[in-house]
Structures are given as C-alpha cells and as structure tokens.
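To start, the structure under review is shown below, and the notes come after it.
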Amino acid sequence: MYPNLLMKRASLTPNRVALRFNDQEWTFAQLLGKATKYAEKLHTKGITRGMRVAILASSDVRLVVVLHGCMQIGCELVMLNERLSEEELNYQLADSAPDLLLVDDHAKRTLSFANKWSFDDVEGAEQTAFEVEKEWPKERTITIMYTSGTTGRPKGVRQSLENHLMNATGSALNLGVQPNDCWLCTMPLFHISGFSILMRSVIYGMTVSLHTKFDALAAVEEILSGTVTRMSVVAVTLERMLTVLEERELSFPDTFRSMLVGGGPVPLHYLERAIERNIPVLQTYGMTETASQTTTLASEDAIIKLGSAGKPLFFANVRIDGVEKIGEICIKGPHVTQGYVGAAEQKNPLVDGWLHTGDLGYLDEEGYLFVVDRRSDLIISGGENIYPAEIEQALAKHPAVKEAGVAGRQDDKWGQVPVAFVVLKEETTEESLRAFMKKQLASYKQPVDYYFVDQLPRNASNKLLRREFFNHIKNT
Numbered sequence: 004m005y006p007n008l009l010m011k012r013a014s015l016t017p018n019r020v021a022l023r024f025n026d027q028e029w030t031f032a033q034l035l036g037k038a039t040k041y042a043e044k045l046h047t048k049g050i051t052r053g054m055r056v057a058i059l060a061s062s063d064v065r066l067v068v069v070l071h072g073c074m075q076i077g078c079e080l081v082m083l084n085e086r087l088s089e090e091e092l093n094y095q096l097a098d099s100a101p102d103l104l105l106v107d108d109h110a111k112r113t114l115s116f117a118n119k120w121s122f123d124d125v126e127g128a129e130q131t132a133f134e135v136e137k138e139w140p141k142e143r144t145i146t147i148m149y150t151s152g153t154t155g156r157p158k159g160v161r162q163s164l165e166n167h168l169m170n171a172t173g174s175a176l177n178l179g180v181q182p183n184d185c186w187l188c189t190m191p192l193f194h195i196s197g198f199s200i201l202m203r204s205v206i207y208g209m210t211v212s213l214h215t216k217f218d219a220l221a222a223v224e225e226i227l228s229g230t231v232t233r234m235s236v237v238a239v240t241l242e243r244m245l246t247v248l249e250e251r252e253l254s255f256p257d258t259f260r261s262m263l264v265g266g267g268p269v270p271l272h273y274l275e276r277a278i279e280r281n282i283p284v285l286q287t288y289g290m291t292e293t294a295s296q297t298t299t300l301a302s303e304d305a306i307i308k309l310g311s312a313g314k315p316l317f318f319a320n321v322r323i324d325g326v327e328k329i330g331e332i333c334i335k336g337p338h339v340t341q342g343y344v345g346a347a348e349q350k351n352p353l354v355d356g357w358l359h360t361g362d363l364g365y366l367d368e369e370g371y372l373f374v375v376d377r378r379s380d381l382i383i384s385g386g387e388n389i390y391p392a393e394i395e396q397a398l399a400k401h402p403a404v405k406e407a408g409v410a411g412r413q414d415d416k417w418g419q420v421p422v423a424f425v426v427l428k429e430e431t432t433e434e435s436l437r438a439f440m441k442k443q444l445a446s447y448k449q450p451v452d453y454y455f456v457d458q459l460p461r462n463a464s465n466k467l468l469r470r471e472f473f474n475h476i477k478n479t
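Numbering-wise (our numbering), the sequence shown opens with residue 4 and increments by one.
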C-alpha cells in the first residue's frame, strides 16, 4: 500500500504552491480541498471506487481538479486525446467501456455517449461526504492511456500507482529535486508526458506551471523570467524555442535546470544550438507502457554524451534484443505496464519479463542508450538498413531547413527507397539539398525524391507520423 498521494502531499507541504495557471496559484492544501469537493459531488451522482471514467478536456485548472477528484474516489481514468477524430474517440470509448464520459464543455464535445456529463453538470450537484482512502493499493490502475498508434490500432495501456510512483522516483534520483522546482507543462495532460508531471508534482512537492497549449514565445518568456526550472518538450518544440532565442539573441538564465527532450531522436544540430543558448538539454526515452521515462541523460553527461538518451533510471533495466549492434530496445522494471484493456486485454505486454518496444537502438560500451528509430519505420533498400531519423538529422543541418521527415516508398528494383518531406524556413532548391546531402550521407541513403510541404503530420504528442507522409501530400 502507498499513501493517498495528494492527501499525503497536502499534509507535508500544505502552503507550497502546487499549480499556477493564467496568473493564479493554488497551494497543495487548496488543491486537495477542491479535489475532495469535486469527488463528493461525483459521489452524489453515483460514482464509486473502481468505476472507469473517460475524460475529454483541454489542459486547464478544471481538468487538474477533476483528475485529482476522480483519484480521491479511486476511479480508473481513461485519458482521451482531444485532437482525435470522432471515429477514433468512438473506437477508444467502445474499447475501454467506461462507466462515464466527462467532458469540459458539451458545446465543444458533441460526441455521443450513453452516460456523458460535463464538468459543470457535476459542479451543480450536492456534496455528499464519504470516507476517502488514506492508502491506495500499489496495483491500482490510475490511468488508461492509448498508445499513439504510430502502427495500427492504438492499445489501451493500464498504468498503475506503482508504475507512476516508481517512474517519478527514478526521475527524481536522476535529476535531483529542489524545493523551489517548478515544471513548465505545455504537454497535454491526456498524454503521459503531461500527466506524469502532475504525478511528480504531488510526489515531489513541486509547482507546475500549466499552459493549455504550447506557445514558443510564451514558454521562452516564462523561462527567461526565472520562475520555472524544468520543462519537457519534443524535438520540434525545442527547435521553435531555439528560433525565438536566436532571433532575440538571448540565452536561458542559470535558474533553468533542465530541458527534457523525448518523443524520438533529436537532431544533433538542435542539441548544439541549445548549448549555445545555455539550455541544459537532457534527452530522455520512454513511452506510454513505461509511464514516461525509462532512460534520461544525467546533467553531467549532457555534453560528453551528446545524442544519447542516457542510462536506465534507478529502477529500470534496458537490453538490446538480437546479435547485431543495433537491435530492438527491451525494458524491464516496476514502471512497466502489466497489461492492456479492451481488444488487447489478452495480449501480454511482456516476454519473459521484458517489454519489447518496437524501437531500435544500441547501448555503447559505457551503457548509454542511443535510440535510432522505430522498427516499423526502418527502410530496407537493396538489403541495406536505412534509418529515417539519420537522414532527417542530416537534412536538419541545412540552413534553409526548418524540419524534415523521411519515409520509405516501395520500389520494384530496390524493394524500398527513401523519400524526403521538407519544411523550409527560407527559400532553397531541391538541387541545393541534393548537393548538401551528398556530402552528408552514403549514396544508398540519399532520398530519391524531395517534397516541400508546409508542415509534417504529427500526433498529439508531436511525434512524426511517417506512415501518413504520402497521404499528406495527396491531401495537400
């Protein structure tokens, strides 16, 4: 058994600021009070321990209160991605079979569901006091999150209390926790990268500065003000913040301790630019099935191991499957899910205790993990393995390229060939890119075609959807 996280935190540091949003602040004691009140109203409407509640909402203070309120009852939270289509949401609702769908706004969320309430519907209910558990079983499912679906149908992943707690603890042992830490959260709370920040907050006693969505200028200005110490981003959002700093010829203050970058390999060029702007970038690697991080680069290794996602966190183990240097990344530890829901419920996520991730990488001689690519994105051309991320990183070095994506196209002669999709920040030509790339990579890795696009298709966590590249150019 573990303590009721918010209740324990509010008893330890009641007056410490838990949450900042739109220039307002709430202490942990105030957050517990609001969450308990909401839980009592849900209880009045018949919601009890063990029920499954799906939530579809934007990231704001109301959502934070609702999430904690549901946890005070002991509900399983199905975290729905607000960027999905109605068809995709209907699939996840049918698959997870929740007892209730909670939405932030009926007018905005027109999804049909038999038992659907808005946040305001619950607010209008009477409060009915009930005995809130002071201890929670470690195996309790806190959240159910659907995989990003980069290949096939997304699976509903169970994330237990122990998964979240061990992940947060492993991260703290790596990063170190300071009493004045404040995590800038621009990641959506329905995603593990956002929700895990809320969990760290109550476990560490740390302030979260919550933004409804990512805005590069707003994020940079808040960090420059010295009021936040940490932030989580992906490569594309890091690049947007770098551009803001470069245009203003500014660097981050020493009060900012770490920028965690996940969601896939980060171009080395971005990391080099970050060093120039005093941004302590720590690459990290994790996924929905591991309740966020599995490996994260320690701050003292950030420069000497540039490009690495670091070593496994304290409770995690990583191995590479196969006999070649590059193989599938496999993970073991108490932060790894024990199972799925719905259609995938009978699928055991573990093979002999190990989660096979579908990601390719290698461990260097010192045990540092380097993530190469998704196995499903691997291009095999004339018997040679080509990693799209390697080509993307090379393209990102070109001064006119804002970002690039690479995917394999079927070819009668070679089996597959690489094709590049490029977003420009200034004018250039295909000939210029071809000449540049000939100096960067071997001939068999050269893209056979280049498409200039306004943007690249990404999911809600800003991961590239390479399988959508060719559909994207057809539609645009």
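Using N, Cα and C, we set each Cβ at its ideal position, and we do this for glycine too.
Keep in mind it's a predicted model, so treat the numbers as computed, not measured.
Note down the Cα distance separating residue i from residue j, rounded to an integer number of angstroms.
i: V68; j: D376; result: 37 angstroms
i: E406; j: H272; result: 11 angstroms
i: G313; j: T150; result: 23 angstroms
i: T299; j: P315; result: 7 angstroms
i: P6; j: G72; result: 16 angstroms
i: L353; j: S435; result: 47 angstroms
i: K448; j: Y288; result: 25 angstroms
i: K48; j: D108; result: 18 angstroms
i: E429; j: H401; result: 11 angstroms
i: R233; j: C185; result: 6 angstroms
i: T16; j: A38; result: 16 angstroms
i: G208; j: I307; result: 31 angstroms
i: Q95; j: A347; result: 12 angstroms
i: H194; j: C188; result: 11 angstroms
i: N388; j: I329; result: 10 angstroms
i: G370; j: S311; result: 10 angstroms
i: I145; j: R260; result: 29 angstroms
i: E368; j: K442; result: 29 angstroms
i: I323; j: E331; result: 6 angstroms
i: D26; j: M262; result: 23 angstroms
What are the boundary residues of the beta strand (DSSP E) that residue i is part of?
i: T210; result: 210-213
i: S235; result: 233-237
i: N388; result: 387-389
i: Y454; result: 452-455
i: R276; result: No beta strand (DSSP E) holds R276; the alpha helix (DSSP H) holding it covers 271-279.
i: V81; result: 79-82
i: V106; result: 103-106
i: F24; result: 20-24
i: I147; result: 144-149
So, are the CB atoms of residue i and residue j less than 8 angstroms apart?
i: L366; j: L381; result: no
i: H46; j: F116; result: no
i: S196; j: S163; result: no
i: L35; j: M10; result: yes
i: A42; j: A13; result: no
i: E138; j: M4; result: yes
i: G411; j: V420; result: yes
i: L245; j: A277; result: yes
i: H338; j: F317; result: no
i: V321; j: L241; result: no
i: L83; j: I58; result: yes
i: K44; j: Q130; result: yes
i: V56; j: D102; result: yes
i: I334; j: L309; result: no
i: V106; j: S121; result: yes
i: G418; j: S384; result: yes
Can you tell me where the alpha helix (DSSP H) holding residue i begins and where it ends?
i: E331; result: Where E331 is concerned, there is no enclosing alpha helix (DSSP H), although the beta strand (DSSP E) it sits in stretches over 330-335.
i: L285; result: Where L285 is concerned, there is no enclosing alpha helix (DSSP H), although the beta strand (DSSP E) it sits in stretches over 284-290.
i: N177; result: 164-178
i: I226; result: 219-227
i: A128; result: Premise fails: A128 is in no alpha helix (DSSP H) and is neither H nor E.
i: V69; result: 64-76
i: D98; result: 89-99
i: I200; result: 195-207
Within 8 angstroms of any Cβ in chain D, is that where the Cβ of residue i sits?
i: S311; result: Within the model displayed, chain D is absent; a lone protein chain is all it includes.
Is the region 450-467 close to the region 417-426, with three or more CB pairs under 8 angstroms? yes
At least 3 beta-carbon pairs within less than 8 angstroms: the region 278-287 vs the region 246-259: yes
With three or more beta-carbon pairs closer than 8 angstroms as the criterion, would you say the region 286-306 touches the region 184-199? yes
Give a yes or no on contact between the region 164-180 and the region 200-219, applying the rule of three or more CB pairs nearer than 8 angstroms. yes
Touching or not, the region 256-271 and the region 388-403, by the rule of three or more beta carbon pairs under 8 angstroms? yes
If you scan the region 361-429 from start to end, which runs of the alpha helix (DSSP H) of 4 or more residues do you find wholly inside it? 391-399
Examine the Cβ distances between the region 60-67 and the region 88-102 and report whether three or more of them are shorter than 8 angstroms. no
What runs of the alpha helix (DSSP H), each 4 residues or longer, lie entirely inside the region 30-57? 31-47
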